[in-house]
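Beneath this line is the structure, given in structure tokens, with notes to follow.
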Amino acid sequence: MKNSGRAVSAPVEDADPLGTEAGEEPPPISRALVQDLLFTSEPARKYSAFGRIPVSQHSRLFMHEFFPHATEADWSNWHWQIRNSIVGLDQIKRFIKLTHGEYTGIIRHTSGLPLRITPYYASLISPTNPLQAIRRAVVPVADEYVSSPGESVDPLGEEGQSPVQSLVHRYPDRVLFLTTGFCSTYCRYCTRSRMVGNHGRFKGSISQWQQAIEYIEQTPQVRDVLLSGGDPLTLTDGHLDYLLSSIRRIPHVEIIRIGTKVPVVLPQRLTSRLLNILKKYQPLWISIHCTHPDELTPEMNSACTLLADAGIPLGSQTVLLKGINDSVDTLKKLFHGLLKVRVRPYYLYQCDPILGSSHFRTTVDKGIEMIEGLRGHTSGYAIPHYVVDAPGGGGKIPLLPDYYQGRDADGVILRNFEGRTFRYPDGRLNSPAAP
Ligand code: SF4
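For the sequence shown, my numbering assigns the number 19 to the initial residue and increments by one for each residue that follows.
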């Protein structure tokens with residue numbers, strides 16, 4: 019292992035990175051057709067769904083202690099949550115007692131993935147236990163500055179598979195659309211830590227979007243567009259409506275997917291206006307990035323319920339993280355909780371080898387052990403695909419325990435979840451039965 023040698027200084031972030039004070043209008047776009055699709059000039063907060071996402075007793079106590087001047091209407095407003103997010107050392111020190119490693123991780127930051135945590139998500143963090151799962155997931159530590167063999171800034175080789183800046187085209191019939199470099203809360207193990215955050219190189223802009231949209235228009239084999247980033251649901255309503263309508267207009271695009279952590283870290287974003295926008299662009303699927311059962315709060319459950327009631331199919335994506343969620347019991351609790359709010363566990367990812375990720379990465383054997391502990395022991399719906407995203411851009415490779423044990427002249431030998439073996443009479447090797 020060697021030190022990555024990042025220089026030392028305190029983080030600085032734009033207090034209003036989304037320009038939320040300026041209302042919800044996207045910048046002027048010359049195309050008349052596009053203009054028709056934009057919203058009127060009424061600001062979004064008029065449409066706030068205050069009251070739809072509950073303020074739990076836990077949130078209320080946290081708010082009264084750390085934001086004594088805030089009202090429940092403030093707390094329920096996603097703009098307020100973003101404006102009051104924890105982005106620096108002085109702020110985070112108010113909420114948690116930092117370890118030396120956390121303190122060092124925060125003051126060393128100069129570029130790449132910044133510190134940012136919404137007040138809502140901060141309310142879920144243990145102030146005293148540095149080993150708590152979600153605290154480890156979002157609070158920087160000095161280990162981020164230690165790089166190990168095999169790690170890189172772009173381990174999936176996305177930049178080499180980008181025909182235009184905002185797009186990754188790896189698989190034949192689908193593309194990944196990088197919509198924004200902003201998230202309301204930054205996960206320390208983020209695969210795209212090279213580009214997200216205010217200090218990243220990627221900003222996301224209407225002109226970049228236009229290039230990506232034109233590429234999709236000119237590529238008829240693309241039937242599936244995944245919007246990711248950064249977090250697409252942190253875009254303003256007007257921007258999101260424009261983007262979704264631009265993609266939905268392309269005849270060969272059959273489905274649109276959104277990858278987001280917003281229901282988990284910023285459930286207040288699920289306003290009635292946002293839901294009405296999403297409903298217009300069916301078939302639209304949403305993959306929710308979930309990490310640990312501590313995230314299954316009344317607020318998060320309500321956010322998922324609102325999306326499901328809007329007719330949007332929901333899946334989840336979870337990154338397997340050392341000491342955070344790498345136990346069968348933890349994952350089972352998470353996946354059962356997700357199913358109860360109509361979120362189907364979809365992918366369990368092996369953590370990608372970004373720079374400074376060794377403290378997060380488990381072995382691949384550990385991932386297989388997780389599936390072994392789930393398959394047969396709980397509902398099939400509660401078991402995601404365990405995949406390794408192949409370094410260098412090879413795509414997702416699914417891995418399973420060795421249930422297939424080989425074949426002989428009489429058929430295929432299979433092992434079940436209890437370790438017992440069975441023979442399936444595979445027709446390929448057998449002669450047809452005599453009449
Ligand atoms: S929400 Fe996704 S894109 Fe944003 S920091 Fe977390 S992993 Fe990265």
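Where a beta carbon is used, it is the ideal one built from N, C-alpha and C, also for glycine.
Assigned exposure category for residue i - 16 Cβ within 10 Å defines buried
| i | result |
| --- | --- |
| H76 | exposed |
| K279 | buried |
| I415 | exposed |
| F57 | Annotation note: pLDDT 32 at F57 (below 50); position unreliable, no value reported. |
| Y399 | exposed |
| V105 | buried |
| A50 | In this predicted model, A50 has a pLDDT of only 33, less than 50, meaning its place in the structure is not dependable; the value taken from the coordinates is given anyway. By the 10 Å Cβ count, A50 comes out exposed. |
| N294 | exposed |
| T309 | buried |
| F200 | buried |
| P173 | buried |
| G445 | exposed |
| P46 | Because P46 sits at a pLDDT of 37, beneath the cut-off of 50, its placement in the model cannot be relied upon, and the following sentence gives the value as read from the coordinates. Counting Cβ neighbours within 10 Å, P46 comes out exposed, since fewer than 16 surround it. |
| P9 | Nothing about residue 9 can be reported from this structure: the residues present for the chain run from 19 to 453 only. |
| Y138 | buried |
| K341 | In the sequence under discussion, the amino acid at residue 341 is Gly, which differs from the Lys named in the question. The residue in question, G341, is exposed, as its Cβ has fewer than 16 Cβ neighbours within 10 Å. |
| P443 | exposed |
| A40 | In this predicted model, A40 has a pLDDT of only 35, less than 50, meaning its place in the structure is not dependable; the value taken from the coordinates is given anyway. With fewer than 16 other Cβ atoms within 10 Å, it is exposed. |
| Q423 | exposed |
| H395 | exposed |
Beta-ladder partner(s) of residue i, from DSSP
| i | result |
| --- | --- |
| T278 | I306 |
| L79 | The partner list for L79 (beta bridge, DSSP) is empty, contrary to what the question assumes. |
| V405 | Y367, P416 |
| V430 | R425, Y442 |
| T381 | T381 is not bridged to any residue. |
| I104 | I135 |
| R362 | G333 |
| R393 | T396 |
| I372 | S170 |
| I231 | I231 pairs with nothing; no bridge assigned. |
| I273 | D242 |
Beta-carbon spacing of residue i, residue j below 7 Å
| i | j | result |
| --- | --- | --- |
| D426 | K384 | no |
| V156 | E120 | no |
| L245 | F195 | yes |
| R275 | W303 | yes |
| G222 | T203 | no |
| G429 | R441 | yes |
| E169 | P371 | yes |
| I386 | L417 | yes |
| Y233 | L288 | no |
| A328 | P281 | no |
| V193 | V243 | yes |
| S305 | Q286 | no |
| G123 | A160 | yes |
| D312 | I110 | no |
| T136 | L284 | yes |
| G410 | G175 | yes |
| S141 | F85 | no |
| L357 | Y404 | no |
| G413 | R126 | no |
| E317 | I71 | yes |
| Q455 | D191 | Lying before the first or after the last residue shown, residue 455 is absent from the chain, which here runs from 19 to 453. |
| V164 | G374 | yes |
| P148 | T128 | no |
| P402 | Y364 | yes |
| V73 | W93 | yes |
| D255 | R206 | no |
| R360 | A326 | yes |
| V337 | G391 | no |
Element boundaries [beta strand (DSSP E), containing residue i]
| i | result |
| --- | --- |
| K298 | Here K298 belongs to no beta strand (DSSP E), and DSSP marks it neither H nor E. |
| L245 | 242-246 |
beta-carbon residue i near the ligand FAD non-hydrogen atom, thresh 6 Å
| i | result |
| --- | --- |
| Y139 | You won't find the ligand FAD in this model; what it holds is the ligand SF4. |
Start-to-end residues for the alpha helix (DSSP H) that takes in residue i
| i | result |
| --- | --- |
| L261 | 255-266 |
| G139 | The sequence shown places Tyr at residue 139, not Gly. Per DSSP, Y139 belongs to the alpha helix (DSSP H) from 137-140. |
| Q109 | 107-113 |
| G123 | 118-125 |
| E90 | 90-93 |
Test: residue i CB closer than 7 Å to a CB of chain E
| i | result |
| --- | --- |
| G411 | In the structure shown, chain E cannot be found, because there is only a single protein chain. |
Could you tell me which whole alpha helix (DSSP H) segments of length 4 or greater appear in the region 144-229? 151-156
Write down every uninterrupted run of the alpha helix (DSSP H) in the region 315-345 whose length is 4 residues or greater and which is fully enclosed by it, in chain order. Complete alpha helix (DSSP H) runs here, min 4: 316-327.
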